[in-house]
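Trainee:
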Amino acid sequence: MLLKALIPNLTDKIGNAQITGITSDSREIKEGYAFICIKGVTDDGHKYAQSAANKGAVAVITENKMGVDNEI
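Residue numbers for the sequence shown follow our numbering, beginning at 896 and rising by one.
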């Protein structure tokens, strides 16, 4: 699935990224996944954004700009 099918108004460079899965749990990241950072009650997914990118996430979706690879 193309990322732009889930998130409208992305540039073609980002939107045409092929994603094979989506998760908010960095332990579940596989090559081709999109990682969504969610701030919870006891932990903050933003802490794992770079780790997700390093594991092969093609996109890291955050609330705020973080300066990590593959960030939207």
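Cβ coordinates follow ideal geometry from the N, Cα and C atoms, glycine included.
Give the single residue among N911, I933 and G951 whose Cα lies nearest to the Cα of E958.
Mentor: For this step, residue 958 is matched to residue 63 along the sequence shown. The candidate whose alpha carbon is nearest that of E958 is I933.
Trainee: Tell me whether L897 sits in a helix, a strand or coil according to DSSP, three-state version.
Mentor: Translated into the one-based positions of the sequence shown, residue 897 becomes position 2. L897 falls in the strand class under three-state DSSP.
Trainee: Beta carbon of V953, beta carbon of I924: below 7 angstroms?
Mentor: Residue 953 sits at position 58 when you count from the first residue of the sequence shown. Residue 924 sits at position 29 when you count from the first residue of the sequence shown. Contact flag unset, no.
Trainee: For G951 versus E926, is the C-beta spacing smaller than 7 angstroms?
Mentor: Position 56 of the sequence shown, counted from the start, is the residue given in the question as residue 951. Position 31 of the sequence shown, counted from the start, is the residue given in the question as residue 926. A contact, by the Cβ cut-off of 7 angstroms.
Trainee: Mind checking whether A947 and S919 have CB atoms under 7 angstroms apart?
Mentor: On the sequence shown, residue 947 is found 52 positions in, with the first residue counted as 1. On the sequence shown, residue 919 is found 24 positions in, with the first residue counted as 1. Their beta carbons are not under 7 angstroms apart, which means A947 does not touch S919 by this criterion.
Trainee: How about L898 and A912: do their beta carbons lie closer than 7 angstroms?
Mentor: As a first step, residue 898 is located in the sequence shown; it is residue number 3 there, counting from the start. As a first step, residue 912 is located in the sequence shown; it is residue number 17 there, counting from the start. Contact flag set, yes.
Trainee: Which one or two residues does DSSP pair with Q913 in a beta bridge?
Mentor: Numbered from its first residue, the sequence shown carries residue 913 at position 18. Answer is L897, bridged to Q913.
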